[in-house]
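K.L.:
Each residue of the sequence shown is one higher than the one before, counting from 1 in full-length UniProt numbering.
Following this message is one structure expressed as structure tokens.
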Amino acid sequence: MFLSAVTVAELRFGVACLPAGKRRDALQQNLEQQVLALFAGRVLAFDGPASRHYGALMSRASLGPGNHRHGRVRRGDGRRARHERGNPGRAALRSPGRARHQPVGAIAGIYSVFTLGSQ
1 MFLSAVTVAE
11 LRFGVACLPA
21 GKRRDALQQN
31 LEQQVLALFA
41 GRVLAFDGPA
51 SRHYGALMSR
61 ASLGPGNHRH
71 GRVRRGDGRR
81 ARHERGNPGR
91 AALRSPGRAR
101 HQPVGAIAGI
111 YSVFTLGSQ
């Protein structure tokens with residue numbers, strides 16, 4: 001299994017966006033020392049050829065803006081739904097008891113190592 005440089009950048013960005021504190025520090029350390037250590041030598045560059053393949057795959061998959069295939073919802077729908085319910089300030093969760101992101105596929109294992117190691 002490999003990670004792309006873009007995935008690594010997104011993981012680092014996600015941690016950097018957290019408020020300063022023990023949780024962010026623990027996640028940062030966990031990311032660098034555990035998750036990325038698992039992929040040492042297996043981070044793929046996202047170069048010109050990769051970007052061409054990505055563009056072609058995404059266009060064939062019809063995952064452009066506003067597409068509702070495969071259960072995806074347009075970005076603005078949540079905001080509109082909050083306003084329609086008369087609650088513009090707070091996001092309504094579909095399942096209030098499960099506010100955490102639930103990853104799927106191969107990333108689920110990485111996510112588990114990343115979050116479980118920081119607890």
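The C-beta atom is built at its ideal place from N, Cα and C for all residues, glycine as well.
Determine whether the beta carbon atoms of Leu-3 and Phe-39 lie at a separation below 7 angstroms.
P.N.:
Result yes, Cβ atoms of Leu-3 and Phe-39 sit closer than 7 angstroms.
K.L.:
Looking at the structure shown, is Leu-18 part of a helix, part of a strand, or coil, going by DSSP?
P.N.:
Leu-18 falls in the coil class under three-state DSSP.
K.L.:
Use the C-beta contact count for Leu-31: other C-beta atoms within 10 angstroms, 16 or more gives buried, fewer gives exposed.
P.N.:
Leu-31 comes out buried.
K.L.:
Rounded to whole angstroms, what is the Cα-Cα separation between Gly-55 and Val-6?
P.N.:
Rounded to the nearest angstrom, the two C-alpha atoms are 14 angstroms apart.
K.L.:
Which value, in whole angstroms, describes the spacing of the CA atoms of Val-8 and Arg-60?
P.N.:
Computed Cα separation, rounded: 25 angstroms.
K.L.:
How is the alpha helix (DSSP H) around Gly-55 delimited, first residue to last?
P.N.:
Run containing Gly-55: 48 to 60, per the alpha helix (DSSP H) assignment.
K.L.:
Assuming contact is defined by CB atoms lying nearer than 7 angstroms, are residue 194 and Gln-28 in contact in what I supplied?
P.N.:
The chain is shown from 1 up to 119; residue 194 falls before or after that span and cannot be answered.
K.L.:
In whole angstroms, give me the CA-to-CA distance for Asp-47 and Ala-37.
P.N.:
Near 22 angstroms, if we compare the C-alpha coordinates of Ala-37 and Asp-47.
K.L.:
With which residues is Val-6 paired in a DSSP beta bridge?
P.N.:
Partner(s): none; Val-6 has no beta bridge.
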